[in-house]
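As structure tokens, the structure follows; a few thoughts come after it.
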Amino acid sequence: DSGVTQTPKHLITATGQRVTLRCSPRSGDLSVYWYQQSLDQGLQFLIQYYNGEERAKGNILERFSAQQFPDLHSELNLSSLELGDSALYFCASSVRVHTEAFFGQGTRLTVV
Amino acid sequence: AQTVTQSQPEMSVQEAETVTLSCTYDTSENNYYLFWYKQPPSRQMILVIRQEAYKQQNATENRFSVNFQKAAKSFSLKISDSQLGDTAMYFCAFPSTQGGSEKLVFGKGMKLTVNP
Chain E
1 DSGVTQTPKH
11 LITATGQRVT
21 LRCSPRSGDL
31 SVYWYQQSLD
41 QGLQFLIQYY
51 NGEERAKGNI
61 LERFSAQQFP
71 DLHSELNLSS
81 LELGDSALYF
91 CASSVRVHTE
101 AFFGQGTRLT
111 VV
Chain Z
113 AQTVTQSQPE
123 MSVQEAETVT
133 LSCTYDTSEN
143 NYYLFWYKQP
153 PSRQMILVIR
163 QEAYKQQNAT
173 ENRFSVNFQK
183 AAKSFSLKIS
193 DSQLGDTAMY
203 FCAFPSTQGG
213 SEKLVFGKGM
223 KLTVNP
């Protein structure tokens with residue numbers, strides 16, 4: 001158990017819908033990362049927050065947004081969903097930047 | 113650009129053998145960390161080992177060890193006495209701070225199969 005909690009574990013939704021993925025980092029970790037992993041693909045960095053502030057942005061679509069709340073949990077919002085958004089979405093957390101990140105179990109999103 | 117390269121997409125070994133996974137990276141920084149992650153069929157991302165660049169001694173975690181060559185920017189993972197449970201995707205990762213943007217950059221991964 002990495003200590004990072006992601007909910008839900010599985011999500012099936014229709015095209016055009018909006019979903020919210022939630023992440024609770026390990027106790028004491030200030031940095032939260034979001035990654036997308038499609039089938040047989042590597043990890044695509046989406047966005048990173050540190051202590052509530054956005055610190056880095058990767059290949060995140062405009063239809064996607066995220067935030068980190070004062071209690072340090074984070075949410076990733078995916079809207080106007082398309083079939084191609086089906087993937088495993090990981091949240092990871094670390095004490096600070098430049099150190100190892102610990103991953104949640106991921107949310108498997110299926111868009112039908 | 114700060115990049116991580118894993119040139120071997122796939123490898124297979126027999127149980128109990130030793131296998132080495134290669135990784136190279138590019139950075140202009142002097143102090144940094146490097147990581148190897150494992151992703152078994154369950155798709156959970158698991159930290160295997162980390163190396164601090166300022167340490168000359170190679171990191172070791174039980175059957176897992178690294179060969180860190182700072183000048184060559186090489187960071188290979190050696191798995192000794194391979195076990196069936198080592199079957200997984202292995203990713204090399206590096207914390208990039210290029211252009212004020214801070215993120216953990218991953219290689220494309222290498223699929224390791226351990227055969228009985």
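Chains as they are written, first to last, in our numbering: chain E, 1 to 112; chain Z, 113 to 228.
Even glycine gets a Cβ: it sits at the ideal position worked out from N, Cα and C.
- The three-state reading of DSSP puts Z:Leu196 in helix, counting H, G and I together.
- Closest by C-alpha distance to E:Asp85, out of E:Pro70, E:Cys23 and E:Leu39, is E:Leu39.
- By the Cβ criterion, the region 166–181 of chain Z is in contact with the region 189–197 of chain Z, since at least three pairs of Cβ atoms, one from each stretch, lie closer than 8 angstroms.
- When only Cα atoms are considered, Z:Asn143 and E:Asp1 end up about 29 angstroms apart.
- Per the coordinates, the alpha-carbon of E:Arg18 lies some 36 angstroms from the alpha-carbon of Z:Thr199.
- Between Z:Gln118 and the set Z:Ala165, Z:Thr139 and Z:Phe187, the nearest pair of CA atoms involves Z:Phe187.
- By the neighbour-count criterion, in which a residue is buried when 16 or more other Cβ atoms sit within 10 angstroms of its Cβ, Z:Ser208 is buried.
- Neighbourhood of Z:Lys220 in chain E, by CB distance below 8 angstroms: Gly42, in chain order.
- If you compare the alpha carbons of E:Glu62, E:Ser79, E:Gly3 and E:Ala56 with that of E:Trp34, the shortest gap goes to E:Ala56.
- For E:Thr99, the closest Cβ of chain Z is nearer than 9 angstroms.
- Any Cβ of chain Z closer than 9 angstroms to the Cβ of E:Ala56 would place that residue at the interface, and such an atom is present.
- Secondary structure note for E:Glu54: its beta strand (DSSP E) is the uninterrupted segment Glu53 to Lys57.
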